[in-house]
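In order, the protein sequences belong to chains A and B.
Counting from 1, position 77 in the first sequence corresponds to residue 76 in numbering that gives the first Met the number 0; the numbering is continuous, with no gaps.
Counting from 1, position 38 in the second sequence corresponds to residue 37 in numbering that gives the first Met the number 0; the numbering is continuous, with no gaps.
Glycine included, C-beta positions come from ideal geometry on N, C-alpha and C.
Okay, so here's the structure we're looking at.
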Amino acid sequence: MHVIIVGCGRVGSQLAQILSTEGHNVVIIDKNAESFKRLGTDFNGIAITGIGFDPDILKRAGIERADALAAVTNGDNSNIMVSQIAKKIYNVPRVLTRIYDPLRADIYKKFGLNTIGTTSIVAQIFRSAILKESSKLEFSIGDDLGLIEYIAQKEEEAAEQGA
Amino acid sequence: MYVLIVGGGKVGNSLASRLAQEGYDVALVEKEEKIARKIAEDIEKVLLINGDGCDPARLEDAGIARAQVVAAVTGDDEDNLIICQLARDTFGVPRVIARVNNPRNEITFQQLGIDTVSSTTIISKLIKEEATIGDIFTLLALKRGKLSLVEAILKPKSPVTGKSIKALKLPNDSILASIIRNDTVIFPRGETVLQPGDSIIALSTIEKADELRQALLGTE
Numbered sequence: 000m001h002v003i004i005v006g007c008g009r010v011g012s013q014l015a016q017i018l019s020t021e022g023h024n025v026v027i028i029d030k031n032a033e034s035f036k037r038l039g040t041d042f043n044g045i046a047i048t049g050i051g052f053d054p055d056i057l058k059r060a061g062i063e064r065a066d067a068l069a070a071v072t073n074g075d076n077s078n079i080m081v082s083q084i085a086k087k088i089y090n091v092p093r094v095l096t097r098i099y100d101p102l103r104a105d106i107y108k109k110f111g112l113n114t115i116g117t118t119s120i121v122a123q124i125f126r127s128a129i130l131k132e133s134s135k136l137e138f139s140i141g142d143d144l145g146l147i148e149y150i151a152q153k154e155e156e157a158a159e160q161g162a
Numbered sequence: 000m001y002v003l004i005v006g007g008g009k010v011g012n013s014l015a016s017r018l019a020q021e022g023y024d025v026a027l028v029e030k031e032e033k034i035a036r037k038i039a040e041d042i043e044k045v046l047l048i049n050g051d052g053c054d055p056a057r058l059e060d061a062g063i064a065r066a067q068v069v070a071a072v073t074g075d076d077e078d079n080l081i082i083c084q085l086a087r088d089t090f091g092v093p094r095v096i097a098r099v100n101n102p103r104n105e106i107t108f109q110q111l112g113i114d115t116v117s118s119t120t121i122i123s124k125l126i127k128e129e130a131t132i133g134d135i136f137t138l139l140a141l142k143r144g145k146l147s148l149v150e151a152i153l154k155p156k157s158p159v160t161g162k163s164i165k166a167l168k169l170p171n172d173s174i175l176a177s178i179i180r181n182d183t184v185i186f187p188r189g190e191t192v193l194q195p196g197d198s199i200i201a202l203s204t205i206e207k208a209d210e211l212r213q214a215l216l217g218t219e
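This is the structure we're talking about:
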């Protein structure tokens, strides 16, 4: 797969390393060349310094033949903008958008972006861990992806809660 | 009419005070508290909201639901895009306008269906227009400089003087809108005959303006 990752922060760099190790063609874009240091020496993809939503930069990254794009900069709006360019202008088949603001994550999900609202996801994971609930943890990621966690309980605990 | 402006820089600031002076109901959203405070002291009659204009909750506080126009004029193009999309698609604002700081983003905005204003593009178009037209005056630049309303005053020797409108050969993308003769407005018909001193008001694309000038005034 030809995958473009926009944003070489902790998430972006790790994603790039994983996909590249698995043999995918990875192009990573970041406005700050320093951030490519996070990729380490093993990364064998391409790193491009520039603004992720600049059409020229995206073309250089091969957006016209990309199979997927992940927008993971630390700016929600940049992620939304680059994702819309990828999806609506270049018809990239798989576009994923990280959005910190839960409200905007919901809104843009309705507008058809595959948004991953990390704030809500992490908050729910914490809540679930704090309350040690057996109740399931659920997130949908885009239209066709989801994550469900069930925490198994010991029988006596379940009986206690049921009482 | 209620106008919501997001971004309190120089553009947002002057836009807000100007519209407020003209009697519009204006609210301005500015992220930086210091700047917001300063604007609140400087401009009267503008409702100031300190908060992130990209946050739908702040936009709601600012009364976006009843806004007829939203202008996103921050210094960040990605923010301006998102503000306009939220305004139009989530809150149903009838008219949204985005400022584009980097002219390279203008095409993207247009492809995503958001109307833009880019000062760089406008200035360059206006300069180009000034350079092409010469002795035709530009009265008004429309469609961000793509179309202009121009005025030409006929001289006795101008090639169209003494001719009727139907005999004129004007470039395709231009049209005569009216003739002003001795302070009277004449709406041109085929039979109208042009006289020296007539002031011709025409609408033309920038590309055809020079051809129009030649057709009306000759190559002098």
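- Counting only runs of 3 or more residues that sit fully inside the region 45 to 122 of chain B, the beta strand (DSSP E) segments are 45 to 49, 68 to 71, 94 to 98 and 114 to 116, in chain order.
- At a cut-off of 9 Å, the C-beta of G8 of chain A has no neighbouring C-beta in chain B.
- Taking 9 Å as the cut-off, the Cβ atoms of C53 of chain B and N73 of chain A do not count as close.
- Take the alpha-carbon of D75 of chain B and the one of T183 of chain B: they are about 48 Å apart.
- If you look at F136 of chain B, you'll find it isn't in any alpha helix (DSSP H); it sits in the beta strand (DSSP E) that goes F136 to L141.
- If only uninterrupted alpha helix (DSSP H) runs of at least 4 residues are considered, those enclosed by the region 48 to 72 of chain A are 54 to 59.
- Any Cβ of chain B closer than 9 Å to the Cβ of S77 of chain A would place that residue at the interface, and such an atom is present.
- In the structure shown, the three-state DSSP call for D209 of chain B is helix.
- DSSP places V28 of chain B in the strand class (E or B) of the three-state scheme.
- When rounded, the separation of the alpha-carbon atoms in V192 of chain B and S177 of chain B is 12 Å.
- Each residue's CA atom was taken as its position, placing F35 of chain A and I42 of chain B some 45 Å apart.
- Judged by DSSP in its simplified three-state form, D105 of chain A adopts helix.
- The beta carbon of Y23 of chain B is closer than 7 Å to those of M0 and V2 in its chain, skipping five residues each way along the sequence.
- Put simply, the region 62 to 72 of chain B touches the region 6 to 20 of chain B. At least three CB pairs are less than 8 Å apart.
- The region 62 to 69 of chain A and the region 38 to 46 of chain A do not touch, with fewer than three beta-carbon pairs separated by less than 8 Å.
- Under the 9 Å criterion on CB atoms, C53 of chain B is classed as interfacial with respect to chain A.
- In the DSSP assignment, R17 of chain B falls within the unbroken alpha helix (DSSP H) covering K9 to Q20.
- Separation of A201 of chain B and E190 of chain B (C-alpha to C-alpha, rounded to the nearest whole angstrom) is 17 Å.
- In the assembly as shown, P187 of chain B is a buried residue. Its beta-carbon has 16 or more other beta-carbons within 10 Å.
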